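Undergrad:
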Amino acid sequence: MQAEYIELTYWQIGLATALILISGLISLALRLGMEQRLLVASVRTVVQLLLIGLVLRWVFEVQTWYAVVALLLAMTGIAGIAAVRRTDRRYRGIWLDSIVSMGASSWLITGMALAAIIQVRPWYQAQYAIPLLGMILGNTLNGISLGLDRLGEELDGKRDQVETLLVLGATGWEAARGPVQQAVRTGMVPIINSMMVVGLVSLPGMMTGQLLAGVEPVQAVMYQIVIMFLIAAGTSLGTVSVVLLGYRRLFSRDHQFLVERIVKRG
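Just so you know, we're using the working numbering here: the sequence shown kicks off at 1 and counts up by one.
1) Mapping the DSSP letters down to three states, classify Val226 as helix, strand or coil.
2) What separation, rounded to the nearest whole angstrom, lies between the Cα atoms of Val197 and Asp97?
3) State buried or exposed for Gln119, treating a residue as buried only when at least 16 other CB atoms are found within 10 Å of its CB.
4) Return the bridge partner residues of Val198 from the DSSP annotation.
5) Residue ranges of each alpha helix (DSSP H) run of no fewer than 4 residues wholly in the region 98 to 172, ordered along the chain?
6) Where does Asn193 land, buried or exposed, given buried means 16+ other C-beta within 10 angstroms?
7) List the endpoints of the continuous alpha helix (DSSP H) containing Thr45.
8) For Val259, which of helix, strand or coil comes out of DSSP?
9) Looking at the structure shown, is Leu86 part of a helix, part of a strand, or coil, going by DSSP?
10) What residue does the alpha helix (DSSP H) around Leu28 start on, and which one ends it?
11) Is it buried or exposed for Asp149, if we count other Cβ within 10 angstroms and need 16 for buried?
12) Measuring CB to CB, does Thr172 end up less than 7 angstroms from Phe251?
13) Along the chain, where does the alpha helix (DSSP H) that runs through Ala213 open and close?
14) Leaving out the 5 sequence neighbours to the left and right, which residues in its chain are closer than 6 angstroms to Val84 when beta-carbon positions are compared?
15) Given a threshold of 16 other Cβ atoms within 10 Å of its Cβ, counted over all protein chains shown, does Val263 qualify as buried or as exposed?
16) Taking all protein chains shown into account, do 16 or more other C-beta atoms lie within 10 angstroms of the C-beta of Arg121, making it buried, or fewer, making it exposed?
17) Where Ala18 and Glu154 are concerned, what is the direct C-alpha to C-alpha distance, given to the nearest angstrom?
18) With a CB to CB cut of under 7 angstroms and the five nearest residues on each side skipped, what residues in its chain are close to Gln63?
19) Thinking just about the alpha-carbon of each residue, which of Ser101, Phe60 and Leu56 is nearest to the one in Ser241?
20) Answer yes or no: do Ala183 and Leu151 have a C-beta to C-beta separation smaller than 7 angstroms?
21) Cβ atoms of Thr235 and Thr289: under 7 angstroms apart, would you say?
22) How big is the Cα-Cα spacing for Arg31 and Arg89?
23) Please identify the residue among Leu39, Glu7, Val259 and Thr9 whose C-alpha is closest to the C-alpha of Ile22.
24) Contact defined as beta carbons within less than 8 angstroms: I believe Met228 pairs with Met195. What is the distance between those atoms, to the nearest angstrom?
25) Here's a check: name, in chain order, each residue in its chain whose Cβ is nearer than 7 angstroms to the Cβ of Tyr5, leaving out the five neighbours to either side.
26) Are the CB atoms of Thr239 and Ile144 nearer to each other than 7 angstroms?
27) Compute the distance between the beta-carbons of Val180 and Val243, then report whether it is under 7 angstroms.
Dropping the structure here:
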């Protein structure tokens, strides 16, 4: 099976764009006050996707390792920054922790996929490297954001409990273990939930795209299985690493809880 995909025209895209009016009408009818945000989100969707489309066209044409790596680095940095922007509580160094955790986990898993699982030759083939890292980054971003937010919430909300444990002789890790566990668990829950219903409730994006492009269904499913496991591994590694880095910044080597470093946004 290798059917030709249907090329879309700008008219068809415009017709689909008109459907966003449904969301706008709902906001107006219920007085949600989300019309402006909806408009901005819609414009950003179109502009951002058109821009990345032009960039991808160029990268696919040149097919050089430095062009691919440059794009992957930019994607990683943007994902790390976006993860922090979603958090309500921050601390000094959170931006670096997010970017480092995002990069280390996503690049490690993507590298394993390209070199050992899919065995892409050369490894920097844009059609594989960019979509793979992009999907892993998108889900790892969610895990890191949720993990950081929950860590700050748990430690800030339970400061008395944490400080009491420290006074009673507990180490920093013993006092923070509960909040750390909750933070990591929170970051991992979404991908686990997705894996529980994949193929039953929803068809994932990559699989849908391959089916639309005419790829044989079983092959599309096999790729999607690989992707789901890559995403799960990347999300888990990214979440646990950023939470542990956050713990190291909020507890001194003398086992003091540096709660004053946690700042609630707004």
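Built from N, CA and C at the ideal position, the CB exists for glycine as well.
Just so we're clear, the structure is a prediction, and the values are computed from it rather than from any experiment.
TA: According to the data block:
1) Three-state DSSP puts Val226 in a helix.
2) Each residue's alpha carbon lies about 31 angstroms from the other.
3) Answer is exposed; the Cβ neighbour count stays below 16.
4) Per DSSP, Ser202.
5) DSSP runs (the alpha helix (DSSP H)) wholly in the region 98 to 172: 126 to 157 and 159 to 167.
6) By the Cβ neighbour-count rule, Asn193 is exposed, with fewer than 16 other Cβ atoms within 10 Å of its own.
7) It spans Glu35 to Val62 - the alpha helix (DSSP H) in which Thr45 sits, taken as one unbroken run.
8) In this structure, Val259 counts as helix in the three-state DSSP scheme.
9) Per the sequence shown, residue 86 should be read as Arg rather than Leu. Three-state result, Arg86: coil.
10) For Leu28, the enclosing alpha helix (DSSP H) begins and ends at Ile20 to Ala29.
11) Classification of Asp149: buried, given that the 10 Å Cβ count is 16 or more.
12) One detail in the question is off: residue 172 reads as Gly in this sequence, not Thr. Yes, these two residues count as a Cβ contact at 7 angstroms.
13) Where Ala213 is concerned, there is no enclosing alpha helix (DSSP H), because DSSP gives it neither an H nor an E.
14) Ile94, Trp95 and Ser98.
15) So Val263 counts as exposed.
16) Label assigned to Arg121: exposed.
17) Just so you know, the alpha carbons of Ala18 and Glu154 end up roughly 43 angstroms apart.
18) Spatial neighbours of Gln63 in its own chain (CB-CB distance under 7 angstroms, excluding positions within 5 residues in sequence) are listed in chain order as Ala126.
19) When each option's Cα is compared against that of Ser241, the closest is Ser101.
20) Yes, Cβ-Cβ distance for Ala183 and Leu151 is below 7 angstroms.
21) Residue 289 is absent from the structure shown; the chain starts at 1 and stops at 266.
22) Their Cα atoms are separated by approximately 30 angstroms.
23) Restricting attention to Leu39, Glu7, Val259 and Thr9, the CA atom closest to the CA of Ile22 is found in Leu39.
24) About 6 angstroms; that satisfies the 8 angstroms criterion.
25) Around Tyr5: Leu212, Ala213 and Gly214.
26) Remark: C-beta atoms of Thr239 and Ile144 approach each other more closely than 7 angstroms.
27) The answer is yes: Cβ separation under 7 angstroms.
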